[in-house]
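Undergrad: So the protein lines, in turn, are chains A and B. Quick note: the first sequence uses our numbering, first residue 1061, plus one each step. Quick note: the second sequence uses our numbering, first residue 1061, plus one each step.
Protein chains: 2
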Amino acid sequence: MARDPAGARNAEEAVISELVERLRSRDWRLTAQRRVVAEVLAGEHVHLSAEAVYDRARRILPEISLATVYNTLNELVAMGEVLEISTGEGPKRYDPNTTVAHHHLYCVGCGGLRDVSPEGLDTLSLSADERHGFELVGVDIVFRGRCPQCQAPATAGAHAVTSESGSA
Amino acid sequence: MARDPAGARNAEEAVISELVERLRSRDWRLTAQRRVVAEVLAGEHVHLSAEAVYDRARRILPEISLATVYNTLNELVAMGEVLEISTGEGPKRYDPNTTVAHHHLYCVGCGGLRDVSPEGLDTLSLSADERHGFELVGVDIVFRGRCPQCQAPATAGAHAVTSESGSA
DNA sequence: TCTTTGTCTTGACTGATTCTAATATCTGGG
DNA sequence: CCCAGATATTAGAATCAGTCAAGACAAAGA
Chain A
1061 MARDPAGARN AEEAVISELV ERLRSRDWRL TAQRRVVAEV LAGEHVHLSA
1111 EAVYDRARRI LPEISLATVY NTLNELVAMG EVLEISTGEG PKRYDPNTTV
1161 AHHHLYCVGC GGLRDVSPEG LDTLSLSADE RHGFELVGVD IVFRGRCPQC
1211 QAPATAGAHA VTSESGSA
Chain B
1061 MARDPAGARN AEEAVISELV ERLRSRDWRL TAQRRVVAEV LAGEHVHLSA
1111 EAVYDRARRI LPEISLATVY NTLNELVAMG EVLEISTGEG PKRYDPNTTV
1161 AHHHLYCVGC GGLRDVSPEG LDTLSLSADE RHGFELVGVD IVFRGRCPQC
1211 QAPATAGAHA VTSESGSA
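(1) Out of B:Gly1171, B:Ser1187, B:Thr1158, which has the shortest C-alpha to C-alpha gap to proline 1151 (chain B)?
(2) Determine the contact status of alanine 1098 (chain A) and valine 1113 (chain A), defining contact as a CB-CB distance below 7 Å.
(3) May I have the straight-line CA-CA distance separating proline 1208 (chain A) from glutamate 1111 (chain A), to the nearest angstrom?
(4) Listed in chain order, which residues of the region 1184-1200 of chain B have Cβ atoms closer than 9 Å to some Cβ of chain A?
(5) Between the beta-carbon of arginine 1206 (chain A) and the beta-carbon of glutamate 1195 (chain B), is there less than 7 Å?
(6) Around the Cβ of glutamate 1104 (chain B), are there at least 16 other Cβ atoms within 10 angstroms (buried) or fewer (exposed)?
(7) Does any residue of chain A have a CB that is nearer than 7 Å to the CB of valine 1176 (chain B)?
(8) Could you tell me the boundaries of the beta strand (DSSP E) in which glycine 1198 (chain B) lies?
(9) Using a 10 Å radius around the Cβ and a threshold of 16 neighbouring Cβ atoms, would you call alanine 1127 (chain A) buried or exposed?
(10) So with CB distances below 9 Å, who are the chain A contacts of glutamate 1179 (chain B)?
(11) Looking at the secondary structure, which residues open and close the beta strand (DSSP E) in which leucine 1165 (chain B) lies?
(12) What residue range does the alpha helix (DSSP H) around arginine 1094 (chain A) cover?
(13) Would arginine 1069 (chain A) be called buried (16 or more neighbouring beta carbons within 10 Å of its own) or exposed?
(14) To which residues of the same chain is aspartate 1115 (chain A) closer than 6 Å at the C-beta, ignoring the five residues directly before and after it?
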């Protein structure tokens, strides 16, 4: 693993440290593989699929296996450090930004996914009647729509749908 | 868990006719297989997976194939007659109740799913800023919680999680 | 009836994820 | 330092949900 060059202290580094720091302070063994997964996740602002995490992790630690990526992601989710999002299309995405409550905006055209903070959240509720005796744990809101690219003419070469998709 | 004894038919029958009637009046060939799928879907008040639809359909029309069930469900979804819901756990569920806008309440314990009409929907929105240039198409809200059974002690034999699960 | 068109079935196939069993690595005690 | 036990990692097989493709079948029109 490339020893990080001392100079590269930028905004992402802060986030990385934040997540990795939190992990270190748990009773969780922070191995090379696990750190790489955590760093990859925290270092991207789009929501990556397990496969995409694997690709990026392999660039840093070529021996890492897909199974380990899945294991690690599942552990992070279980610890509540990472949020798992299923879009209904294709693989699940993983979102490290769990400190701030947020919801999602999904592009039905290309599968792009971004975080949003809707308004009017506080008034959203289920009447006792509608609650059917459930003990509520949370709520997920997904706005569906069409991103600027996908609204476009779609005449020419469209735009390929890669695992990236994430419009910066 | 015992399904509804013969008495409760009336209301459901109405729904069946309603869906089948709508289908008949489209340019859609209403074959035996397709009608069975539609009836099975409309006849249950829990949201079934494709596999569960297949099981029930086979009890009525044993020769029906799983592929046909999938094809038919996808067609119904494409026509807007049926709503496809992915819970993030396990297979997709299909919900024939598309006439009334509704959202869902999901049990994190057993996977049961029911329709709900939240309050405060009208004030829920994305500011222009948060909309990121998307052309909004809709919004899905899933309340997550624990149904009465799943809140229980969990001491003795718990309750098995079958494909039914539906806490009627 | 013959043809055309559309539907259905079977079974192979893909993609996403999990499981398994063997191997490697870490940690604490002597 | 070396060992034992616990934990992590690996490669690949297995599983699950869903799709695809090719031929069999069935209904509607000439």
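Cβ atoms here follow ideal geometry from the backbone N, Cα and C, with glycine treated the same way.
TA: Put simply:
(1) As a working mapping, residue 1151 (chain B) is identified with position 91 in the second sequence. Closest by alpha carbon: B:Gly1171.
(2) Along the first sequence, read from residue 1 onward, the residue named residue 1098 (chain A) stands at position 38. Along the first sequence, read from residue 1 onward, the residue named residue 1113 (chain A) stands at position 53. The criterion of a C-beta distance shorter than 7 Å is not satisfied by alanine 1098 (chain A) and valine 1113 (chain A).
(3) Mapped onto the first sequence, residue 1208 (chain A) falls at position 148. Mapped onto the first sequence, residue 1111 (chain A) falls at position 51. Rounded to the nearest angstrom, the gap between the Cα atoms of proline 1208 (chain A) and glutamate 1111 (chain A) is 26 Å.
(4) Listed in chain order, the positions of the region 1184-1200 of chain B with a beta carbon within less than 9 Å of a beta carbon of chain A are Leu1184, Ser1185, Leu1186, Ser1187, Glu1190, Arg1191, His1192, Gly1193, Phe1194, Glu1195, Leu1196, Val1197, Gly1198, Val1199, Asp1200.
(5) If you number the first sequence from 1, residue 1206 (chain A) lands on position 146. If you number the second sequence from 1, residue 1195 (chain B) lands on position 135. Glutamate 1195 (chain B) sits close to arginine 1206 (chain A), with the two beta carbons spaced by under 7 Å.
(6) Reading the second sequence from its first residue, position 44 is the one you call residue 1104 (chain B). Flag for glutamate 1104 (chain B) reads buried.
(7) Here residue 1176 (chain B) is taken as the residue at index 116 of the second sequence, counted from 1. Closer than 7 Å to some Cβ of chain A, the Cβ of valine 1176 (chain B) qualifies, so yes.
(8) Position 138 of the second sequence holds residue 1198 (chain B). If you look at glycine 1198 (chain B), you'll find it in the beta strand (DSSP E) that goes 1195-1206.
(9) Position 67 of the first sequence, counted from the first residue, corresponds to residue 1127 (chain A). Label assigned to alanine 1127 (chain A): exposed.
(10) The residue you call residue 1179 (chain B) lines up with position 119 of the second sequence. Chain A residues near glutamate 1179 (chain B): Thr1183, Leu1184, Ser1185, Leu1186, Ser1187, Glu1190.
(11) Looking up residue 1165 (chain B) in the second sequence gives position 105. Its beta strand (DSSP E) spans residues 1163-1167.
(12) Position 34 of the first sequence, counting from 1, holds the residue named residue 1094 (chain A). First-last of the alpha helix (DSSP H) with arginine 1094 (chain A): 1092-1103.
(13) Taking the first residue of the first sequence as 1, we reach residue 1069 (chain A) at position 9. With a pLDDT of 44 at arginine 1069 (chain A), under the threshold of 50, the modelled position of this residue cannot be trusted, and the question is left open.
(14) Against the first sequence, residue 1115 (chain A) aligns to sequence position 55. In the same chain as aspartate 1115 (chain A), and ignoring 5 residues on each side of it, no C-beta atom comes closer than 6 Å to its own.
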